[in-house]
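Take numbering that gives the first Met the number 0: the final residue in the sequence shown is number 390, and no numbers are missing along the way. Cβ atoms here follow ideal geometry from the backbone N, Cα and C, with glycine treated the same way. Read the structure below first, then the notes.
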Amino acid sequence: MKRRLATGLLSVVLWIGAGVAHAAPYGINTHLPDDEVLDKVQAAGIGSIRVDFNWFAIEPSRGVYEWGAYDRIVAAARARGLSIFATLAYTPGWANGGRPQSHPPDDVRDWTDFVATAVTRYRDEITFWGLWNEPNLDHFFEGTPQDYLDKILLPGAEAIRRANPSARVLGPELAHLNSLERNWALWMDAIFQGGGKGAIDIVTHHIYRDDVEELFRNLEVGEGIYPSVLQVLERNGVADKPFWLTETGWPTDDPEAGETPEQQAENYEAFLTEMLYDSRKLRIDRVFFYEIIDDPTPEVPKWGILHADRTEKPAYGVYQRFIAEHPNGDPIEDPNACGILPHFGGGSARLVLFLAFLSPLFLTWGGARPCPESLAHREGRQGPLRGCPDP
Numbered sequence: 000m001k002r003r004l005a006t007g008l009l010s011v012v013l014w015i016g017a018g019v020a021h022a023a024p025y026g027i028n029t030h031l032p033d034d035e036v037l038d039k040v041q042a043a044g045i046g047s048i049r050v051d052f053n054w055f056a057i058e059p060s061r062g063v064y065e066w067g068a069y070d071r072i073v074a075a076a077r078a079r080g081l082s083i084f085a086t087l088a089y090t091p092g093w094a095n096g097g098r099p100q101s102h103p104p105d106d107v108r109d110w111t112d113f114v115a116t117a118v119t120r121y122r123d124e125i126t127f128w129g130l131w132n133e134p135n136l137d138h139f140f141e142g143t144p145q146d147y148l149d150k151i152l153l154p155g156a157e158a159i160r161r162a163n164p165s166a167r168v169l170g171p172e173l174a175h176l177n178s179l180e181r182n183w184a185l186w187m188d189a190i191f192q193g194g195g196k197g198a199i200d201i202v203t204h205h206i207y208r209d210d211v212e213e214l215f216r217n218l219e220v221g222e223g224i225y226p227s228v229l230q231v232l233e234r235n236g237v238a239d240k241p242f243w244l245t246e247t248g249w250p251t252d253d254p255e256a257g258e259t260p261e262q263q264a265e266n267y268e269a270f271l272t273e274m275l276y277d278s279r280k281l282r283i284d285r286v287f288f289y290e291i292i293d294d295p296t297p298e299v300p301k302w303g304i305l306h307a308d309r310t311e312k313p314a315y316g317v318y319q320r321f322i323a324e325h326p327n328g329d330p331i332e333d334p335n336a337c338g339i340l341p342h343f344g345g346g347s348a349r350l351v352l353f354l355a356f357l358s359p360l361f362l363t364w365g366g367a368r369p370c371p372e373s374l375a376h377r378e379g380r381q382g383p384l385r386g387c388p389d390p
């Protein structure tokens, strides 16, 4: 390692300590799981599941409800000590004139009646309720951000709170898409500035990236002209709300593209470790990987940590072991941090501030004085300086 102390150039990490325990952050998407799949979830130590509460399946005609499959799932999850995050979405044909399930209802009262009925039925078992899935994607929601606010989020949140004041409203469940019309950041701005800030208790987001480091850059720093999730949360005044990453993952069915069970396992290990680093700028309070088990349909990508025949992929064992080693999701010390900086001599000093592998922030100051033991971060937080000579 080359030492460049003579020039006063040091690479340092701004470390924001988090000395408090967090609720276990481990979840997974399950769609409509059977008992055997839930046994696998429990055996892995995963504490939370995301379940699809599809409106079109539950209320196939107005006022006629088919709760059987959902009663079974809720009871089975409760028996295994699993927390449910229920996603309410997708319109039955009778409520939107026979248009696709992605089209919102013609009468918002049909939607709020369904939401209130579901929340009331499971008020003792389910606390966390999401309102729609990836509304910025055409094939999931046909409409604008204002349509989502007026027809889904705002009336749905009100219905949830009326039915169960202790429930928590989750959203907006956007897909991390950077296209112009369906840009996630523009949608998030419109939603939070249009009333979503008060409607949503826990902010949720979906992001998929092949590379784990790129994924965290998108969350915390941004890429080129595109802002980070943290930046959008901060400019909308919601960065203090809990943040759940409710979809992320890696498929295993395209070896030529590097999509193998072994690579999936490596990505799980890397993601989970990075998620818990104490240098994180955006704390992921809960992650729901996509997904527990492969879809058996041949043409559908295989995202599961179980094969369709219920046998385990390597990522299942990685997740199980990581949870056993870090059951509470307590922060892990970032290995890039390597001790308090020494004093400077005379002249000026230039600090290059990094957050783990993220983009640098440059600061300079002059004078023969010691390096401060703490430094106010540009977002207003403060923490001790840790660092090592620039290689």
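Counterpart residues of residue i in DSSP-defined beta bridges
i, result
"P53", "A small fix is needed here, since residue 53 is Asn in this sequence, not Pro. Paired residues: A88."
"N28", "R49"
"A43", "Paired residue(s): none; A43 is not in a bridge."
"G128", "Note on identity: in this sequence residue 128 is Trp, with Gly being the wrong assignment. Beta-bridge pairing links W128 to A85 and V168."
"L173", "H204"
"R285", "W243"
"I292", "L305"
"S392", "Only positions 0 to 390 of the chain appear in this structure, which leaves residue 392 out of reach."
"E311", "L305"
"I331", "Y276"
Same chain, Cβ closer than 7 Å to residue i, five either side skipped, listed in chain order
i, result
"K301", "P250, T251, D252 and D293"
"F242", "V202, L281, R282, I283 and D284"
"H54", "Sequence inspection shows Trp at residue 54; the His mentioned does not correspond to that position. These residues qualify, in order along the chain: L87, A88, Y89, T90, P91 and F113."
"E211", "The residue you asked about is not Glu; residue 211 is Val in the sequence shown. Around V211: N266, A269, F270 and E273."
"Y121", "V73"
"E261", "P313"
"R320", "none"
Spatial neighbours of residue i in its chain, beta-carbon cut-off 6 Å, leaving aside the 5 residues before and after
i, result
"A314", "Q263, A264, Y267 and I304"
"H21", "For H21, the predicted model reports a pLDDT of 45, less than 50, meaning its position is unreliable and no value from the coordinates is stated."
"F288", "I27 and G248"
"A184", "P226 and V231"
"D34", "A75"
"K240", "V202"
"W93", "S60 and R61"
"A189", "P144"
"H30", "D51"
"P171", "I190"
"F356", "The predicted position of F356 is uncertain, since its pLDDT is 38 and thus under 50; a value taken from the coordinates is nonetheless stated next. Hits under 6 Å: E212."
"Y147", "P134"
Nearest-angstrom Cβ-Cβ length linking residue i and residue j, presumed shorter than 8 Å
i, j, result
"I391", "I291", "Absent from the model: residue 391. The displayed extent of the chain is 0 to 390, so no value can be given."
"E141", "S101", "5 Å"
"Y25", "I45", "5 Å"
"W128", "L169", "6 Å"
"T272", "I331", "7 Å"
"G135", "L176", "Position check: residue 135 holds Asn in this sequence, whereas Gly was assumed. About 6 Å; that satisfies the 8 Å criterion."
"T126", "A166", "6 Å"
"L275", "H204", "Their Cβ separation, rounded to whole angstroms, is 18 Å, which puts L275 and H204 out of contact at 8 Å."
"K150", "P99", "Not a contact, Cβ separation roughly 15 Å."
"E133", "L173", "6 Å"
"P295", "A307", "4 Å"
8 Å CB neighbourhood of residue i in its chain, flanking five on each side removed
i, result
"Y64", "I57, E58 and T116"
"R77", "E124"
"A323", "G44"
"A5", "The pLDDT assigned to A5 is 29, lower than 50, so where the model puts this residue is not dependable; a value taken from the coordinates is nonetheless given after this. Within the same chain, A5 has no close Cβ partners at all."
"E222", "E213 and R216"
"D137", "S101 and R181"
"V40", "I27, T29, P32, I48, R79, L81 and I291"
"N95", "H102, P103, P104 and D105"
Q.
Suppose only complete runs of 3+ residues qualify. What are the beta strand (DSSP E) ranges in the stretch 213-280, listed by chain order?
A. Those beta strand (DSSP E) runs which fall completely within the stretch 213-280 and span 3+ residues are 242-247.
(Q) For the stretch 101-110 against the stretch 66-75, do three or more pairs of beta-carbon atoms, one drawn from each stretch, fall closer than 8 Å, so that the two count as touching? (A) Between the stretch 101-110 and the stretch 66-75 there are fewer than three C-beta pairs closer than 8 Å, too few to call the two in contact.
Q | Meets three-Cβ-pair contact criterion under 8 Å: the stretch 111-127 and the stretch 151-162 | A | Segments in contact, yes.
Q. Between the stretch 225-232 and the stretch 147-156, do at least 3 Cβ pairs fall closer than 8 Å?
A. Contact annotation: the stretch 225-232 does not touch the stretch 147-156, with fewer than three C-beta pairs closer than 8 Å.
Q: Starting from the N-terminal side, write out each stretch of the alpha helix (DSSP H) that is 4 residues or longer and does not extend beyond the stretch 99-158.
A: The stretch 99-158 contains these whole alpha helix (DSSP H) runs: 107-120 and 144-147.
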